Each structure stands twice: as structure tokens, then as C-alpha cells.
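Everything below concerns the one structure shown next.
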Amino acid sequence: MRPLGVARRAGKMTNLSQKPPPWSVGVLLFDRFTTLDVNGPVNAFGSAGRRAADGTFEPLFKVFCMAETAGAYRTDQGVSMLADYAFEAAPPFDILVIPGGWGTREAVNDARLVEWIARLARRATVTATVCTGSALLAQTGLLDGRRATSNKLAWAWVTGLRPQVHWVRKARWVDEGDVITSSGVSAGTDMALALIARLTEESVAEASARRMEYVRTREPDDDPFA
1 MRPLGVARRA GKMTNLSQKP PPWSVGVLLF DRFTTLDVNG PVNAFGSAGR RAADGTFEPL
61 FKVFCMAETA GAYRTDQGVS MLADYAFEAA PPFDILVIPG GWGTREAVND ARLVEWIARL
121 ARRATVTATV CTGSALLAQT GLLDGRRATS NKLAWAWVTG LRPQVHWVRK ARWVDEGDVI
181 TSSGVSAGTD MALALIARLT EESVAEASAR RMEYVRTREP DDDPFA
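Numbering (my numbering), first residue to last: 1 to 226.
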């Protein structure tokens, strides 16, 4: 069994062993993000854990939300979610999750937000994007020369923003080691489960999916929407 926190992918090493689990996941919020882009990965990470000898559940991840200012942010679906922290007050995190949504159309032109995303991504050991969240990360330049994917319904818009990125159309998610990008909405849950498996064991990801009663897409290039 591989020690927790040591993950291998395409010859790259992502090492979280310097900080034992539970690992911290910081989720970025902004106006008009897509609800499932956040809640899918949050549920996957929150369901990942192991049973202790006394039968109690030991979570492997702790999740919080952050934004430019703490408080409520309305989603595309009309509900609101709370950012626990402003960016400058956020505690350390190992994994950064950037959702997509209609709000990305304005957010990509928000120089202050893009700069914050660049700073946050440099702080994270792994940065994960869902849907058009990859457009936000691409605007920082941190995806230049790297493989990435995005929502296929927004494909022309996203790829046109930053042609320096090697955009992969037929992909449920693309794992570059320290950066993982996923296709639209529900693909973020598959990506999160794949990351859980990579950081721990396949059985941990399977148990998380089972707790959610979620049928996983296991292969990153299994993309029926491409």
C-alpha cells in the first residue's frame, strides 16, 4: 500500500506527506458560480475517510470556502453559499478548487480576482478546476504550455481566451500532477474522486462514491460530451 500523501502521475510526484491528513481543501467562490461545480467535489472530499479501530470515521480532507470577501455568494441556480474566509484571511490549504459558471464570463476580466487566483494557486500543492473554472486559471498564465480541458458547451469561448494552453477536447478530466482540470459540472465529482484515489488508494475513492451513491466515470478520456 502506498503511504498516504504520496501520489504518482505521469512520472510526476505530488507530495503531501509533509502534512499528514486530514488535508485542507480551499474552494474559491465568486458571483454566479455553478452550484454542482462546488458541491460535487465538496461532497466527494467530505465523504473520503477511514474507519478507526474504535469504529469512528476519520475524515481525510477538511473543506472550507473563500472569496474576495467573506459572506454569501449567489450561484447560477439562484441559491447562495457562504465563503468562510476572505482570501487574505484564509488558513493554509493543500488543494485549491476553482469552479466554473456563468460568472466566469465577467470574472476572467477582473484583474484583481485573476491575480488572487494566481497567488492562491501558487500556495496550493494541487489546483483543481471544474468546468469553466479552467478559463479563470488560464487567465493567470499558469496553464500556458500545459494540457487542460473545460466544459464542451463553452469550448470555443474558453479555448479562445488562452490559445497558449494545450486544450484537450476529449477528456472528462486532465491530470497534470499539480494541476487537474475537468470538463463540465458533474465531471468535477469524477475529478475529485480520481484525485482522492491518487492521493490515497482506489478503495478510499470507491467508498466515497458509495457513500454518495454516485456512479463514477473512471477513465479520464471517457467523455461522451466531447
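Just so you know, even glycine gets a beta-carbon here, dropped at the ideal spot from N, CA and C. Here the structure is a predicted model, which means the values were calculated and not measured.
Count the other CB atoms, across all protein chains shown, that sit within 10 Å of the CB of residue i; report buried if there are 16 or more and exposed otherwise.
i             : result
alanine 205   : buried
valine 215    : exposed
threonine 200 : buried
alanine 90    : buried
alanine 7     : Because the pLDDT of alanine 7 is 41, which lies under 50, any placement of that residue in the model is unreliable, and the question is left without a value.
proline 21    : buried
valine 27     : buried
arginine 122  : exposed
valine 25     : buried
serine 208    : buried
arginine 172  : buried
valine 174    : buried
proline 194   : The question names proline, but residue 194 in the sequence shown is alanine. Classification for alanine 194: buried.
alanine 72    : exposed
In terms of alpha-carbon separation, which member of the options lies closest to residue i?
i                : options                           : result
valine 165       : Trp173, Ala135 and Asn151         : Ala135
valine 185       : Gly78, Ala209, Gly26 and Pro41    : Pro41
serine 47        : Arg211, Asn39 and Leu29           : Arg211
lysine 170       : Ser150, Val126, Gly177 and Leu193 : Ser150
leucine 153      : Glu176, Gly101 and Val108         : Gly101
glutamate 176    : Ala111, Arg198 and Ala226         : Arg198
arginine 32      : Gly49, Tyr85 and Gly133           : Gly133
threonine 125    : Ile180, Tyr73 and Asn43           : Ile180
threonine 129    : Val108, Glu106, Tyr73 and Ala192  : Ala192
alanine 226      : Val168, Asn43 and Ala207          : Val168
alanine 111      : Glu68, Ser80 and Asp94            : Glu68
threonine 127    : Pro59, Asp222 and Ala148          : Ala148
phenylalanine 45 : Leu29, Phe30, Lys62 and Asp222    : Lys62
leucine 82       : Leu29, Phe93, Gly49 and Arg50     : Leu29
aspartate 178    : Trp23, Val79, Ala86 and Asp94     : Asp94
Three-state secondary structure (DSSP) at residue i?
i                : result
glycine 5        : The predicted model places glycine 5 with a pLDDT of 41, which falls under 50 and marks its position as unreliable, so this point remains unresolved.
lysine 227       : What the structure shows of the chain is the stretch from 1 to 226, and residue 227 is not part of that stretch, so it cannot be assessed.
valine 215       : coil
aspartate 175    : strand
tryptophan 116   : helix
valine 185       : coil
phenylalanine 64 : strand
alanine 194      : helix
arginine 210     : helix
threonine 129    : strand
tryptophan 23    : strand
Output needed for residue i: all residues of its chain with C-beta closer than 6 Å, excluding positions within five of it in sequence on either side, in chain order.
i             : result
leucine 120   : Leu96
glutamate 219 : none
asparagine 43 : Met212
aspartate 144 : Gln164
glycine 188   : Asp37, Gly40, Pro41, Val130 and Ser182
arginine 50   : Glu58
aspartate 222 : Arg172
Near residue i, which residues of its chain fall below 7 Å by C-beta distance, leaving aside the five closest residues on each side in sequence?
i              : result
threonine 34   : Thr75, Asp76, Pro99, Gly100, Gly101, Cys131 and Val185
aspartate 84   : Phe64, Cys65, Met66 and Ala70
tryptophan 155 : Arg169
With three or more C-beta pairs closer than 8 Å as the rule, is the stretch 107 to 120 touching the stretch 138 to 145? yes
Do the stretch 159 to 173 and the stretch 45 to 55 make contact, defined as three or more Cβ pairs closer than 8 Å? Touching, no, given that fewer than three Cβ pairs across the two stretches are closer than 8 Å.
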